[in-house]
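Participant: Protein sequences, first through last, are from chains C and Y. Under this note's numbering, the residue at position 234 of the first sequence is numbered 288, and the numbers go up by one with no gaps. Under this note's numbering, the residue at position 489 of the second sequence is numbered 543, and the numbers go up by one with no gaps. Backbone N, C-alpha and C define an ideal beta-carbon position, used for all residues, glycine too. Bear in mind that the values here come from a model prediction, so they are computed numbers and not experimental data. Quick one: the structure is below, and I'll ask about it shortly.
There are 2 protein chains.
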Amino acid sequence: MTTRWRRAAGISLVLASTAWQADALAQDGRAALERYVASHQRAIVLELVDLVSIPNTAADSDNIRRNAALLRDMLRRRSFTTEILETDSNPLVWGELRVPGATRTLLIWAHYDGQPVDPKAWRQANPFNPVLRAGRLEDGAKELSGLRSLDKFDPNWRLYARSASDDKAPIVALLAAVDALKASGMALSSNVRVVLDGEAGAGGLAAAFPKYRDKLTANVMLLLEGPAHPSGRPTIAFGVRGYLAMDVTVYGPKVAVNSGNYGNWVPNPALGLARLLASMKDDEGRVLVDGFYDGVGTLTAEEQAMLAAVPDEPASLMKLFGIAAPVRSDLSLQQALQLPALNIRALSSGVIGGDATLVIPDRATALLEVRLVKETPAKAMADKLMAHIGAQGYHIVHSEPDDDTRSRYPHIAKVVLRGTAGAGWRTPPLAPEAQMVTAAVTRMLGEPPVLIRTMGQRVNMAPFIEAMGAPAIVLPTVNFDNNQTAENENLRLGHLFTGILTLAAVLTM
Amino acid sequence: MTTRWRRAAGISLVLASTAWQADALAQDGRAALERYVASHQRAIVLELVDLVSIPNTAADSDNIRRNAALLRDMLRRRSFTTEILETDSNPLVWGELRVPGATRTLLIWAHYDGQPVDPKAWRQANPFNPVLRAGRLEDGAKELSGLRSLDKFDPNWRLYARSASDDKAPIVALLAAVDALKASGMALSSNVRVVLDGEAGAGGLAAAFPKYRDKLTANVMLLLEGPAHPSGRPTIAFGVRGYLAMDVTVYGPKVAVNSGNYGNWVPNPALGLARLLASMKDDEGRVLVDGFYDGVGTLTAEEQAMLAAVPDEPASLMKLFGIAAPVRSDLSLQQALQLPALNIRALSSGVIGGDATLVIPDRATALLEVRLVKETPAKAMADKLMAHIGAQGYHIVHSEPDDDTRSRYPHIAKVVLRGTAGAGWRTPPLAPEAQMVTAAVTRMLGEPPVLIRTMGQRVNMAPFIEAMGAPAIVLPTVNFDNNQTAENENLRLGHLFTGILTLAAVLTM
Chain C
55 MTTRWRRAAG ISLVLASTAW QADALAQDGR AALERYVASH QRAIVLELVD LVSIPNTAAD
115 SDNIRRNAAL LRDMLRRRSF TTEILETDSN PLVWGELRVP GATRTLLIWA HYDGQPVDPK
175 AWRQANPFNP VLRAGRLEDG AKELSGLRSL DKFDPNWRLY ARSASDDKAP IVALLAAVDA
235 LKASGMALSS NVRVVLDGEA GAGGLAAAFP KYRDKLTANV MLLLEGPAHP SGRPTIAFGV
295 RGYLAMDVTV YGPKVAVNSG NYGNWVPNPA LGLARLLASM KDDEGRVLVD GFYDGVGTLT
355 AEEQAMLAAV PDEPASLMKL FGIAAPVRSD LSLQQALQLP ALNIRALSSG VIGGDATLVI
415 PDRATALLEV RLVKETPAKA MADKLMAHIG AQGYHIVHSE PDDDTRSRYP HIAKVVLRGT
475 AGAGWRTPPL APEAQMVTAA VTRMLGEPPV LIRTMGQRVN MAPFIEAMGA PAIVLPTVNF
535 DNNQTAENEN LRLGHLFTGI LTLAAVLTM
Chain Y
55 MTTRWRRAAG ISLVLASTAW QADALAQDGR AALERYVASH QRAIVLELVD LVSIPNTAAD
115 SDNIRRNAAL LRDMLRRRSF TTEILETDSN PLVWGELRVP GATRTLLIWA HYDGQPVDPK
175 AWRQANPFNP VLRAGRLEDG AKELSGLRSL DKFDPNWRLY ARSASDDKAP IVALLAAVDA
235 LKASGMALSS NVRVVLDGEA GAGGLAAAFP KYRDKLTANV MLLLEGPAHP SGRPTIAFGV
295 RGYLAMDVTV YGPKVAVNSG NYGNWVPNPA LGLARLLASM KDDEGRVLVD GFYDGVGTLT
355 AEEQAMLAAV PDEPASLMKL FGIAAPVRSD LSLQQALQLP ALNIRALSSG VIGGDATLVI
415 PDRATALLEV RLVKETPAKA MADKLMAHIG AQGYHIVHSE PDDDTRSRYP HIAKVVLRGT
475 AGAGWRTPPL APEAQMVTAA VTRMLGEPPV LIRTMGQRVN MAPFIEAMGA PAIVLPTVNF
535 DNNQTAENEN LRLGHLFTGI LTLAAVLTM
């Protein structure tokens, strides 16, 4: 293990020198591809514009079908054999391009559904009516008119729309890479299978695997997902965090009561919840839930070196986020990502704002989540959280407490697990397939990629990856500041264009 | 002081024996009034029904004017001299009934505006379309049809409407008392001034006092407000809690960020807020804010005896509220009311429910309130809370923090005081006017009233009472479980009918 990790830590240097030794063929190829992209910006961007113009909230079945139909057409135009594969969840769009003589098959995964939208929170009228801006909205960048009539697009311009980054841009980049390679006379080196998921993380794909096994097996799986490193360098990730969420509700009086009449006497559930949540972390931000970090172990010096090689710029990030210090002064960002994280995603009790009535609320709820790592399975972690809540004196229920329960327990917490838990996973960074991808991207892009041991972005694919059996590697190509889980999602166009080269690299490796 | 308090503790027994020595005149008077009420239930209830049918949210100026016009008519029908008195806030409805030979003037205050409504939360279609039920909604009581055609009303029936209890029922009870006394040939003993406030607690009345001094002075002020004791016994209160509120916002990243990518590194404001709030109380529910209880002092044995004489039934209350134990095991409810109380009225961060996005929220806000007592002025208390927040390591701001502030302080709390703070106040329970009211109610109702040293209900009248200069005494007549600050406000009709006798008592004392 130590040897493997020493090699992992060294890989970028070795490959970098290979690249800098001027692989003339690769440089020629890259130049041809860049010329193609430069002269086809309009077609590439407009294909994405058309794609993000179709709403893609997972629950919106009609529009999901419209997305699937367009995606199938897009694949067909590149001569893919295509099929819509039905699942228990939204349909998969499947395509295959067989390459004469190829002995290797890639399975390239992306998802075409998008995060839920709260249109009121967006700065544009409609998250599915894309807006081009001359930079970041947060920097005051103005909207650019005439999106459909432009021929050239500055790499710093941004397209604002739901799924612009997550995850439609990588799909468009993949197909543009196929086009660019063909136009440049460069052959694909592998058979390519594409599977576009209509409900990322919902498990429809994993459940459907036995049925579609012959269409979904491959030697390497590539996941097009998540943000590239903020440095702007190409990025490869070998694992991702998993995820679990639970709603925790603490109870006060059955009906909100006047705080003047009963303050100091009727328990306040918001304070109870605050105390419960406060019990979960120490002053230094370490989680106090018993066993929370079990299994993670200490990283070796070699592992630490791999993390240290990631060119994070904490000062820039802190400035961007408007924070004076990270939550844990003892961890770099990459170190922080190797550990499970406890996050409070939402709090709610009573009504803030306006002339809220003067009450002790009847309940207070927190939406708690844990970002898991490979070493911390979801079920065990949920049990540990519940054990912690119990250890704070709470009687745990899983539905509304009845009168008898209320009369017996002074502290009641309702814990409802959300159905979306997913395991973290990781492919060894020195697996041959991992090295092959790293080498191909290094060669094509002319610089060593940033190698990420554990990516923060949720890619809830552990069940499918396990069933499918091939090593899985993530190719994140979009800008890190894309707001993909919030309002005003956006794509920096330079990342779209560079992403095409990254994908061309793996198609020809 | 000790002597006065010993007398206070003894007063109910002395007066009770006076009453039981069969004040024949009072018993005859009471019987006549009871007959009047029994035979006029329909008119009394329908007058209230008409009054609560006019919406009375303080901000709804047009309807506030309609309320004022109806109230003025109602006073005129009882031969009051009336006037609408304009203030900086909503108008006052003023009326005066001069009594030949009277040497004392009562100023009777009530308010005709109601708490804000959230119609969706109500079980009836419209909070201003009253519904009669055969009991408590929470006990499954059904709606009774034909409200306007009924002649008899069971005392356990309830009228559901905004302001049914707070504060329109006492106004109707007062006027019914005037009618009943007249019909029974019983003379008023005092000149009566009535002032009906269009925005309780907003300070319009206090600010207008200098202008209307000649209409608003009196020897005794009676406030018709708040719930009678749950025991069902007549109730007199000599003081009330005050009130202050502040929004406290703790900051995370400038824009919500993905918790997978940044969990363990970007601070979570919801956890920060939870820790801050948790720091404010100890395990036994005592407030840890430095100086929070300053000035309150220890109650003497006599004072404790007065509190102990209140026939609270903690077991019944706990059952009603569905709580297993009070928040402070060392305090009775009456003891709890003598202390300032720290309450969290609302919490908000991110979005609970649905498919909330996967983020570290940008901020978390608590609506904190303190229920003050006479000994704890609002300004000093707000300063103490802010000092506590500062002592937890927070840099306090009063508007959104700018980039420079964010970069300098790892913990930032925005504190915004709400404009509605009000002082607690108290009239000495052994003041002659207090004794006179207590004796009159005891005589009329035939049982000693419950004497409340400090009532929880907010009656934000300290500035007016101070300016006006006469002792102020609260006569709470409505049922305690009236939901007056929440949805489904209701009035138990038996309390309306008994309230008429209570008011007749003070009109003839």
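Quick one: complete beta strand (DSSP E) runs, 3+ long, within the stretch 196 to 257 of chain Y?
Facilitator: Qualifying beta strand (DSSP E) stretches, in chain order: 212 to 214, 245 to 251.
Participant: Please list, in chain order, the chain C residues whose beta carbon lies closer than 7 Å to that of L204 of chain Y.
Facilitator: Correct list: empty, because the minimum Cβ distance to chain C is about 28 Å.
Participant: Between the alpha carbons of A63 of chain Y and A363 of chain Y, how many angstroms are there, rounded?
Facilitator: With a pLDDT of only 42 at A63 of chain Y, under the threshold of 50, the placement of this residue in the model should not be trusted; the figure read from the coordinates follows. Those two C-alpha atoms are separated by around 8 Å.
Participant: Quick check on Q75 of chain Y: does DSSP put it in helix, strand or coil?
Facilitator: Note that Q75 of chain Y has pLDDT 46, beneath the 50 cutoff, so the model's placement of it is unreliable and the number below is only indicative. Coil at Q75 of chain Y, not helix or strand.
Participant: To the nearest angstrom, how far is the alpha carbon of L371 of chain Y from that of S219 of chain Y?
Facilitator: Computed Cα separation, rounded: 20 Å.
Participant: Suppose the cutoff is 6 Å on Cβ atoms and the five residues either side in sequence are ignored; what does the same chain contact list for A86 of chain C look like?
Facilitator: Closer than 6 Å at Cβ, skipping near neighbours: S238.
Participant: My output table needs one value for R187 of chain C: the three-state DSSP class, helix, strand or coil.
Facilitator: DSSP places R187 of chain C in strand when its eight states are reduced to three.
Participant: What is the rounded straight-line gap between the Cα of V171 of chain C and the Cα of F207 of chain C?
Facilitator: Whole-angstrom Cα-Cα distance: 27 Å.
Participant: How long is the line joining the alpha carbons of L277 of chain Y and P184 of chain Y, rounded to whole angstroms?
Facilitator: Their backbone Cα atoms lie some 25 Å apart in a straight line.
Participant: Could you give the first and the last residue of the continuous beta strand (DSSP E) run that contains V451 of chain Y?
Facilitator: Its beta strand (DSSP E) spans residues 449 to 451.
Participant: Please classify A70 of chain Y: does DSSP put it in a helix, a strand, or coil?
Facilitator: Below a pLDDT of 50, predicted positions are generally treated as unreliable, and A70 of chain Y, at 45, falls in that range; no measurement from the model is reported.
Participant: Cutting at 8 Å between CB atoms, please list the residues of its own chain near S107 of chain C, excluding the five before and the five after it.
Facilitator: Same-chain partners within the cutoff: F182, N183, P184, A215.
Participant: Please report whether the beta-carbon of L529 of chain C lies at a distance below 7 Å from any beta-carbon of chain Y.
Facilitator: Not an interface residue.
Participant: What are the residues in the stretch 356 to 375 of chain C lying within 9 Å of chain Y by C-beta distance?
Facilitator: Hits within the stretch, in order: P368, L371, M372, K373, L374, F375.
Participant: Tell me which residues share the same chain as E192 of chain Y and place their Cβ nearer than 6 Å to its Cβ, disregarding the 5 neighbours each side in the sequence.
Facilitator: Result list for E192 of chain Y: empty, nothing under 6 Å.
Participant: Return the chain-ordered list of same chain residues with a C-beta closer than 6 Å to the C-beta of G553 of chain Y, the five sequence neighbours on each side being excluded.
Facilitator: So the qualifying residues of the chain are A227, T531.
Participant: Which chain C residues sit within Cβ distance under 7 Å of P464 of chain Y?
Facilitator: Within 7 Å Cβ-Cβ: A378, A379.
Participant: Alpha carbon to alpha carbon, how far is A332 of chain Y from I406 of chain C?
Facilitator: Using only the alpha carbons, I get a separation of about 19 Å.
Participant: Using 8 Å for Cβ pairs, my map puts P323 of chain Y next to F375 of chain C. What's the rounded Cβ distance?
Facilitator: The Cβ separation is near 12 Å, so there is no contact.
Participant: Quick check: is the beta carbon of Q511 of chain C nearer than 7 Å to any beta carbon in chain Y?
Facilitator: Closer than 7 Å: yes.
Participant: Using the Cα positions of L505 of chain C and E423 of chain C, report the straight-line distance between them to the nearest angstrom.
Facilitator: Going by the C-alpha atoms only, they are around 26 Å apart.
Participant: Hey, is L257 of chain Y's beta-carbon within less than 7 Å of any beta-carbon in chain C?
Facilitator: According to the sequence provided, residue 257 of chain Y is Gly. The question's Leu does not apply to it. No, because no Cβ of chain C sits closer than 7 Å to the Cβ of G257 of chain Y.
Participant: Of all the CB atoms in chain C, is at least one closer than 7 Å to the CB of K174 of chain Y?
Facilitator: For K174 of chain Y, the answer is no, since every Cβ of chain C falls outside 7 Å of its Cβ.
Participant: Taking C-beta to C-beta, are V232 of chain Y and R126 of chain Y nearer than 7 Å?
Facilitator: Going by C-beta atoms, V232 of chain Y is not nearer than 7 Å to R126 of chain Y.
Participant: Can you pull the DSSP bridge partners for N544 of chain Y?
Facilitator: Note: N544 of chain Y sits in a beta bridge opposite Y:Y214.
Participant: For S217 of chain C, does the count of other Cβ atoms within 10 angstroms reach 16, so buried, or fall short, so exposed?
Facilitator: Label assigned to S217 of chain C: buried.
Participant: Taking its Cβ as the centre, do 16 or more other Cβ atoms sit within 10 Å of A291 of chain C, making it buried, or is it exposed?
Facilitator: By the neighbour-count rule (16 or more Cβ atoms within 10 Å), A291 of chain C is buried.
Participant: Please look up how many angstroms separate the CB atoms of L545 of chain Y and A223 of chain Y, rounded, as I've assumed it's under 8 Å.
Facilitator: Indeed, because the Cβ distance is near 5 Å, the residues count as touching under 8 Å.
Participant: If you run the structure through DSSP and keep just helix, strand and coil, what is D301 of chain C?
Facilitator: In the structure shown, D301 of chain C sits in a strand (DSSP, three-state: E or B).
Participant: Express the C-alpha separation of A299 of chain Y and H165 of chain C in angstroms, rounding to a whole number.
Facilitator: Whole-angstrom Cα-Cα distance: 47 Å.
Participant: Just by C-beta distance, which residues in the stretch 306 to 320 of chain Y are closer than 9 Å to chain A?
Facilitator: Although the question refers to chain A, the structure presented lacks it and instead comprises the protein chains C and Y.
Participant: Tell me whether I527 of chain C sits in a helix, a strand or coil according to DSSP, three-state version.
Facilitator: In the structure shown, I527 of chain C sits in a strand (DSSP, three-state: E or B).
Participant: Helix, strand or coil: which one does DSSP assign to K373 of chain Y?
Facilitator: Reduced to three states, the DSSP call for K373 of chain Y is helix.
Participant: At what residues does the alpha helix (DSSP H) containing H465 of chain C begin and finish?
Facilitator: Segment: none, H465 of chain C is in no alpha helix (DSSP H) and carries neither H nor E.
Participant: For A175 of chain Y, collect the residues of the same chain with a Cβ closer than 7 Å to its Cβ; drop the 5 residues on either side in sequence, then sort them by chain order.
Facilitator: Excluding positions up to five away in sequence, the list reads E541.
Participant: List the whole-angstrom C-beta distance separating L242 of chain Y from V302 of chain Y, where the pair is believed to meet the contact cut-off of C-beta under 8 Å.
Facilitator: No, L242 of chain Y and V302 of chain Y are not in contact; Cβ-Cβ is about 50 Å, not under 8 Å.
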